[in-house]
Amino acid sequence: MEIPYDKDSKERLPYEHYLEKYQSMDPEEMANRTALPWDAETKTFTIRLMNVTYSVSWPEYEVHHLDHEKMGFFPLEDAFNARILILRYLVDGGAVEASGKFLTYREVPWGQVYFKQFQGRCLMRLAYGFGSKLDLFRSIMEKLDAVPVKTGDAGYEFEFINGLKLQFMLWEGDDEFPPSAQILFSDNFPAAFVMGEDMAVVGDVSINVLKALSK
């Protein structure tokens, strides 16, 4: 299929590529590999993303949220980066059980290569977006049913998608030091997303949800 070049091609070209692969694949194989619930009668997967449950149709890839109407922000319906990420998971990813250990970005595949980009796209955005707004950060995390962790001035663990968890930690800045942040990934992420770039998108999508819920 020929895809014309236009201003949206940076996201639209990979979206079209993975959508075509998704539509050509066996949905039951995808369900078994990713451990996502599959309804053969309605031809839909069920997936949780940032505490919202969605139905995802095959082969059309139509997405509808099923709960949390009051949250008002549903990236899997509207955001290209989230839609591409989930397509990549369905096409290439696999579900394994986490051991309870968490990884820094440098420890994931290709993390050393992409770390500077991740630092700017995710760590600094999180730090400067919420490092001086810890009460707001805590209230948003409560909406996501996140669980507090002891690291940082404010830290939480939450599910990104089914069985894949993140930890967001913030240290509040002062007159001498700027705020800082850390993001950790449950150790089953490398089975779900093989590239460090994917984990940077995970950070992007998560922080975008936090920013949307802060308004």
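My numbering applies: residue 294 is where the sequence shown begins, and numbers increase by one. Heads up, the beta-carbon is just placed ideally off N, CA and C, and yes, glycines get one too. Keep in mind that this is a model prediction, so the values were computed, not measured.
Query raised in the report: Under three-state DSSP, which class holds A388?
Result: coil
Query raised in the report: What are the boundary residues of the beta strand (DSSP E) that includes R341?
Result: 337-342
Query - Y298 versus K394: straight-line alpha-carbon distance, rounded - result: Only weak support is given to the placement of Y298: the predicted model assigns it a pLDDT of 43, under 50, and the value that follows is read from those uncertain coordinates. Spanning the two alpha carbons is a distance of roughly 43 Å.
Query raised in the report: Tell me, which residues are paired with E450 by DSSP?
Result: V440, Q460
Report task. Could you name the residues that DSSP lists as bridge partners for A474? Result -> L463
Query raised in the report: Run through DSSP, which three-state label would Y347 get?
Result: strand
Query raised in the report: Does the distance from the CB of R381 to the CB of D480 come in under 8 Å?
Result: no
Requested in this report: Using a threshold of 8 Å, state whether the C-beta atoms of S507 and I454 are closer than that.
Outcome: no
Query raised in the report: Grouping DSSP H, G and I as helix and E and B as strand, with all else coil, what is F395?
Result: strand
**Report entry** Presumed contact (8 Å Cβ cut-off) between V401 and G456, rounded CB distance
**Finding:** Their Cβ separation, rounded to whole angstroms, is 16 Å, which puts V401 and G456 out of contact at 8 Å.
Report task. For H310, name the three-state secondary structure that DSSP assigns. Result -> helix
**Report entry** V502 to A375 span [Cα, whole Å]
**Finding:** 11 Å
Query raised in the report: Going by beta carbon distance, what residues of the same chain come within less than 6 Å of P352, once the five residues before and after it are set aside?
Result: Q316
Query raised in the report: For the candidate residues E334, G424, V384, F366, whose alpha-carbon lies nearest to that of N344?
Result: F366
Report task. Taking V356 as part of the beta strand (DSSP E), name the residues at either end of that continuous run. Result -> 356-358
Query raised in the report: For G424, does the count of other Cβ atoms within 10 angstroms reach 16, so buried, or fall short, so exposed?
Result: buried
Query raised in the report: Grouping DSSP H, G and I as helix and E and B as strand, with all else coil, what is D468?
Result: coil
**Report entry** Simplified DSSP assignment, three categories, for D491
**Finding:** helix
Query - Option nearest A439 by Cα separation, candidates C415, G445, R431 - result: R431
Query - Status (buried if at least 16 other CB within 10 Å, exposed otherwise) for L306 - result: exposed
Query raised in the report: Quick one, are the C-beta atoms of A420 and L463 less than 8 Å apart?
Result: yes
Requested in this report: Note the first and the last residue of the continuous alpha helix (DSSP H) segment covering Q405.
Outcome: 404-411
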